[in-house]
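J.:
2 protein chains.
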Amino acid sequence: MANIQEVAQKAGVSVATVSRVLNNNSTVSPSTRLKVENAIKELNYEPSMLGRNLRNSESRLLLVLIPSISNPFYTEIINGIQNTAIAHHYNILLCETNSNPEREDIYFNMVKNKLADGVISMDPTVNMQKLIELAENHSIILCSEYDESNVIPYVSIDNELAAYHAVKHLIKIGNEKIALINSDEKFLYARQRRSGYERALAEFNLPLRKEWIYNTTQLDFQDGVQAMRMLLKLKEKPSAIFAVSDTLAIGALKEMNASGLKAPDDIAVVGFDNISFSNMTNPTLTTVAQPMYKMGCTAATMLINSIHENKVESILLDHELIIRESTMG
Amino acid sequence: MANIQEVAQKAGVSVATVSRVLNNNSTVSPSTRLKVENAIKELNYEPSMLGRNLRNSESRLLLVLIPSISNPFYTEIINGIQNTAIAHHYNILLCETNSNPEREDIYFNMVKNKLADGVISMDPTVNMQKLIELAENHSIILCSEYDESNVIPYVSIDNELAAYHAVKHLIKIGNEKIALINSDEKFLYARQRRSGYERALAEFNLPLRKEWIYNTTQLDFQDGVQAMRMLLKLKEKPSAIFAVSDTLAIGALKEMNASGLKAPDDIAVVGFDNISFSNMTNPTLTTVAQPMYKMGCTAATMLINSIHENKVESILLDHELIIRESTMG
DNA sequence: CATAGTAATGTAATCGATTACAAAATAAAT
DNA sequence: ATTTATTTTGTAATCGATTACATTACTATG
Chain A
1 MANIQEVAQK
11 AGVSVATVSR
21 VLNNNSTVSP
31 STRLKVENAI
41 KELNYEPSML
51 GRNLRNSESR
61 LLLVLIPSIS
71 NPFYTEIING
81 IQNTAIAHHY
91 NILLCETNSN
101 PEREDIYFNM
111 VKNKLADGVI
121 SMDPTVNMQK
131 LIELAENHSI
141 ILCSEYDESN
151 VIPYVSIDNE
161 LAAYHAVKHL
171 IKIGNEKIAL
181 INSDEKFLYA
191 RQRRSGYERA
201 LAEFNLPLRK
211 EWIYNTTQLD
221 FQDGVQAMRM
231 LLKLKEKPSA
241 IFAVSDTLAI
251 GALKEMNASG
261 LKAPDDIAVV
271 GFDNISFSNM
281 TNPTLTTVAQ
291 PMYKMGCTAA
301 TMLINSIHEN
311 KVESILLDHE
321 LIIRESTMG
Chain B
330 MANIQEVAQK
340 AGVSVATVSR
350 VLNNNSTVSP
360 STRLKVENAI
370 KELNYEPSML
380 GRNLRNSESR
390 LLLVLIPSIS
400 NPFYTEIING
410 IQNTAIAHHY
420 NILLCETNSN
430 PEREDIYFNM
440 VKNKLADGVI
450 SMDPTVNMQK
460 LIELAENHSI
470 ILCSEYDESN
480 VIPYVSIDNE
490 LAAYHAVKHL
500 IKIGNEKIAL
510 INSDEKFLYA
520 RQRRSGYERA
530 LAEFNLPLRK
540 EWIYNTTQLD
550 FQDGVQAMRM
560 LLKLKEKPSA
570 IFAVSDTLAI
580 GALKEMNASG
590 LKAPDDIAVV
600 GFDNISFSNM
610 TNPTLTTVAQ
620 PMYKMGCTAA
630 TMLINSIHEN
640 KVESILLDHE
650 LIIRESTMG
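These protein sequences, in sequence, are chains A and B.
Residues 1 to 329 in this note's numbering are what the first sequence spells out, letter by letter.
Residues 330 to 658 in this note's numbering are what the second sequence spells out, letter by letter.
(1) Quick one: which residues of the segment 247–278 of chain A get their C-beta closer than 8 Å to a C-beta of chain B? List them in chain order.
(2) Output the boundary residues of the beta strand (DSSP E) element that contains residue 243 (chain A).
(3) Counting only beta-carbon atoms, is residue 144 (chain A) nearer than 8 Å to chain B?
(4) Got a sec, what are the start and stop residues for the alpha helix (DSSP H) residue 76 (chain A) sits in?
(5) Taking the alpha-carbon positions, what's the residue 461 (chain B) to residue 109 (chain A) distance?
(6) Check the Cβ of residue 221 (chain A) against every Cβ in chain B and list those closer than 7 Å, keeping chain order.
(7) For chain A, is any of its Cβ atoms less than 8 Å away from the one on residue 377 (chain B)?
(8) Against chain B, with Cβ distances strictly below 8 Å, would residue 96 (chain A) count as a contact?
(9) Using a Cβ cut-off of 8 Å (strictly closer), state whether residue 399 (chain B) contacts chain A.
(10) Whose CA, out of B:443, B:633, B:423 and B:408, lies closest to the CA of residue 382 (chain B)?
(11) Which residues mark the beginning and the end of the beta strand (DSSP E) in which residue 503 (chain B) is found?
(12) Per DSSP, what kind of secondary structure is residue 155 (chain A) in: helix, strand or coil?
(13) Enumerate in chain order the residues of its own chain whose CB-to-CB distance from residue 490 (chain B) is below 7 Å, with the five nearest sequence positions on each side excluded.
(14) Do you know offhand how far residue 150 (chain A)'s Cα is from residue 127 (chain A)'s?
(15) List the endpoints of the continuous beta strand (DSSP E) containing residue 428 (chain B).
(16) Return the chain-ordered list of same chain residues with a C-beta closer than 7 Å to the C-beta of residue 148 (chain A), the five sequence neighbours on each side being excluded.
(17) Considering only the beta carbon of each residue, do residue 658 (chain B) and residue 593 (chain B) sit closer than 8 Å?
(18) Would you give the residue range spanned by the beta strand (DSSP E) that residue 13 (chain A) belongs to?
(19) Around the Cβ of residue 376 (chain B), are there at least 16 other Cβ atoms within 10 angstroms (buried) or fewer (exposed)?
(20) Please tell me whether residue 342 (chain B) and residue 334 (chain B) are closer than 8 Å, where the distance is taken between their beta carbons.
(21) Any beta carbon from chain B within less than 8 Å of residue 294 (chain A)'s own beta carbon?
(22) The alpha helix (DSSP H) with residue 249 (chain A) in it runs from where to where?
(23) Anyone know if the C-beta pair for residue 212 (chain A) and residue 232 (chain A) falls short of 8 Å?
(24) Using 8 Å as the threshold, is the C-beta distance between residue 573 (chain B) and residue 529 (chain B) below it?
(25) Report yes or no: is there a C-beta of chain A within less than 8 Å of the C-beta of residue 662 (chain B)?
(26) If we count Cβ pairs, one from each stretch, closer than 8 Å, do we get three or more for the segment 547–559 of chain B versus the segment 580–596 of chain B?
(27) At the 8 Å Cβ level, is residue 41 (chain A) part of the contact set with chain B, yes or no?
(28) May I ask you to report which of helix, strand or coil DSSP gives residue 234 (chain A)?
(29) Is the segment 361–368 of chain B touching the segment 399–415 of chain B, taking contact as three or more C-beta pairs under 8 Å?
(30) Bridge partners of residue 649 (chain B), per DSSP?
(31) For the beta strand (DSSP E) holding residue 531 (chain B), just list the boundary residues, first then last.
(32) At a CB-CB cut-off below 9 Å, which residues of chain A make contact with residue 435 (chain B)?
(33) Mind listing the chain B neighbours of residue 51 (chain A)? Cutoff is C-beta to C-beta under 8 Å, in chain order.
(34) Check whether chain B comes within 8 Å of residue 23 (chain A), counting only Cβ atoms and requiring the distance to be less than that.
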């Protein structure tokens with residue numbers, strides 16, 4: 001691959017002139033511009049981003065941290081991020097951390113090393129301490145997951161309110177014994193959603209029974225299966241279930257099926273996230289939809305603003321309850 | 330962020346010495362090494378990859394092209410790629426092309442621009458012409474998808490044989506009227522799987538009826554729903570279905586459910602890919618599993634070998650038929 | 001025609017690292 | 001003590017671009 005020197009030589013001009021043509025900056029006479037353009041074509045020249053980035057000390061690359069690409073929840077968010085980034089001439093680098101701190105470090109280093117201009121983190125297991133440290137010198141946005149200290153700008157939804165709405169819906173359709181399948185409450189969203197669940201119960205004077213709250217370690221289908229298995233063993237079984245993730249809810253439905261139970265007649269189920277599978281289950285799953293695409297766009301816009309040294313404010317977007325068969329009689 | 334000059338100054342040595350400590354290359358005396366290491370710590374210095382990469386003209390970044398991260402099929406492959414890459418001190422850049430040629434161009438340019446050292450393409454819609462052109466000067470591996478011309482090394486499975494096995498299984502359990510839900514046959518794998526389907530039918534002297542072959546445009550659930558809807562409208566309905574993707578098969582199951590039909594009693598169904606959700610459906614889905622993790626590892630190993638100028642041969646890995654409820658009486 | 005003013009191009013420093021080669025410091029041998 | 005060999009360190013070129021500043025080539029004006 002040719003470099004700028006060779007192009008300059010072939011065109012019979014200096015490297016500066018070639019660079020000017022490349023960036024169509026200052027005034028280059030039409031005739032020399034043509035000469036340079038021809039030389040570029042002939043040599044099949046492509047400017048090296050390494051050289052350019054080193055000089056400009058920017059990479060126009062954005063890091064997007066996700067714990068696992070297998071979680072369909074991230075799909076639309078990433079689309080939003082990507083479209084927005086590309087519109088601003090940035091590219092994104094999808095980084096799957098698998099919640100592995102070492103892998104996380106690799107990506108943090110890319111930012112420190114100027115190989116990326118900023119980070120959007122969607123990893124709830126991210127080392128917040130390190131991230132905050134990184135945020136002192138670099139642009140970082142939290143998306144969907146965030147930190148209460150509000151040191152790092154975030155975009156998310158009101159998890160407490162969303163959970164409240166979901167549970168209220170279950171109550172409205174006649175349920176009084178409502179279980180919660182929650183993830184590990186070390187995560188902020190898990191604590192917030194539990195709090196919304198509790199608020200709804202309290203508001204209608206329904207009992208809050210701790211055996212109806214099951215915490216999973218992961219968010220896989222299998223965890224939902226396991227949770228439901230436990231709940232069905234109870235003497236007093238719940239009549240409805242709010243799961244904080246569609247994957248858990250789908251696992252729960254699967255286990256109900258295996259036990260010959262039907263939603264919503266035997267047990268009504270509400271999930272969270274509106275992943276594409278949630279419309280493929282039998283019955284289809286009632287769920288809370290987050291404005292994922294918009295969330296992605298917003299996160300990207302915030303990050304790019306932050307990179308350009310603009311002040312950035314955290315944002316909470318609206319959610320929506322999508323009622324399907326698993327809560328419709 | 331400090332640079333190597335400042336470290337050198339603080340340590341009272343030359344930049345060369347600092348660089349030597351960084352790469353713990355040649356012999357640096359223990360005492361100066363200590364001085365340098367202290368300076369590095371004090372200044373919180375991290376070497377700039379831009380400078381290093383420019384000088385070494387490598388980025389140690391691998392591009393992984395996928396059409397869409399929403400397809401769960403890629404999950405394990407990517408894990409394999411990532412683990413192998415990291416073991417060799419490479420990082421991967423996940424690139425979602427959305428089958429958009431412009432986006433594809435962006436990523437191709439990153440390679441031409443030395444911002445990435447090589448590419449693993451898993452995008453069946455990739456512009457093969459351009460890719461082959463790129464392969465003249467750069468390291469490229471095709472994974473799962475490939476090109477018959479064999480100009481670019483690939484790792485895949487024997488699609489014809491896998492389809493043959495799947496259909497033979499349907500025949501063995503007593504089906505004679507077997508439909509094929511195939512994707513667009515512009516894709517090589519689609520042609521190969523159809524060919525395996527036809528071979529199995531021919532071997533058992535079963536009729537090959539063109540109304541039992543349905544081609545979808547995409548691989549979404551909805552396409553499977555649509556396909557099944559058409560097949561159920563036929564005067565003579567098939568008794569079994571081989572779908573070339575689990576997503577299609579799951580859509581088909583969904584539509585059967587909606588019509589009050591049960592697998593396998595009314596219609597047996599076999600999918601392809603063994604995505605995690607295929608074990609969550611009701612009934613669970615019989616499917617052809619590809620050794621996805623291994624495929625990813627192999628692809629990464631091949632690419633890294635190729636980057637290091639080693640000769641690389643294409644490889645076909647073994648598949649496995651996983652029999653579940655959708656074909657078990 | 002001389003000269004000022006503007007447009008076009010070139011020169012060379014710079015970004016932050018690596019490394020061949022040169023030079024200095026130290027150790028070993030006579 | 002001098003020479004030689006070896007270890008350690010420094011100097012400066014290099015990777016491929018951008019850009020401030022200098023210089024040259026035009027144009028216009030009196």
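Beta carbons: idealized from backbone N, C-alpha and C, even for Gly.
T.: For this structure:
(1) Those would be 250, 251, 254, 257, 276 and 277, in chain order.
(2) Element bounds for residue 243 (chain A): 240–243.
(3) For residue 144 (chain A), the answer is no, since every Cβ of chain B falls outside 8 Å of its Cβ.
(4) That run of the alpha helix (DSSP H) goes 74–87.
(5) Each residue's alpha carbon lies about 33 Å from the other.
(6) Listed along the chain, the chain B residues whose CB falls inside 7 Å of the CB of residue 221 (chain A) are 605 and 609.
(7) Answer yes: the Cβ-Cβ gap between residue 377 (chain B) and chain A drops below 8 Å somewhere.
(8) Flagged as an interface residue toward chain B: residue 96 (chain A), by a C-beta distance shorter than 8 Å.
(9) Judged by the 8 Å Cβ criterion, residue 399 (chain B) is in contact with chain A.
(10) Looking only at B:443, B:633, B:423 and B:408, the smallest Cα-Cα distance to residue 382 (chain B) is reached by B:443.
(11) Counting along the chain, residue 503 (chain B) falls outside any beta strand (DSSP E), and DSSP gives it neither H nor E.
(12) In the three-state reduction of the DSSP assignment, residue 155 (chain A) falls in the strand class.
(13) Apart from sequence neighbours up to five positions away, the residues of its chain that approach residue 490 (chain B) with a beta-carbon distance below 7 Å are 525, ordered along the chain.
(14) In this structure, the CA atom of residue 150 (chain A) is about 15 Å from the CA atom of residue 127 (chain A).
(15) Per DSSP, residue 428 (chain B) belongs to no beta strand (DSSP E) and is neither H nor E.
(16) Same-chain partners within the cutoff: 188.
(17) Yes. Within cutoff.
(18) Note, residue 13 (chain A): premise wrong, no beta strand (DSSP E); not H, not E.
(19) Buried is the call here.
(20) The answer is no: Cβ separation not under 8 Å.
(21) For residue 294 (chain A), the answer is no, since every Cβ of chain B falls outside 8 Å of its Cβ.
(22) In the DSSP assignment, residue 249 (chain A) falls within the unbroken alpha helix (DSSP H) covering 246–258.
(23) Residue 232 (chain A) sits away from residue 212 (chain A), with the two beta carbons spaced by 8 Å or more.
(24) The Cβ-Cβ distance between residue 573 (chain B) and residue 529 (chain B) does not fall below 8 Å.
(25) For residue 662 (chain B) there is no data in the structure shown, the boundaries of chain B being 330 and 658.
(26) Two segments are said to touch when three or more pairs of C-beta atoms, one from each, lie closer than 8 Å; by this definition the segment 547–559 of chain B touches the segment 580–596 of chain B.
(27) False, the Cβ-Cβ gap to chain B never drops below 8 Å.
(28) When DSSP states are grouped into helix, strand and coil, residue 234 (chain A) belongs to the coil group.
(29) The segment 361–368 of chain B, when compared against the segment 399–415 of chain B, does not touch it at the 8 Å Cβ threshold.
(30) For residue 649 (chain B), which the question treats as bridged, DSSP gives the partners B:618.
(31) Note, residue 531 (chain B): premise wrong, no beta strand (DSSP E); alpha helix (DSSP H) at 517–532.
(32) Residue 435 (chain B) reaches chain A at 86 and 91, counting residues in chain order whose Cβ is nearer than 9 Å.
(33) Under the 8 Å cutoff, chain B gives 383.
(34) Not one chain B Cβ lies under 8 Å of residue 23 (chain A).
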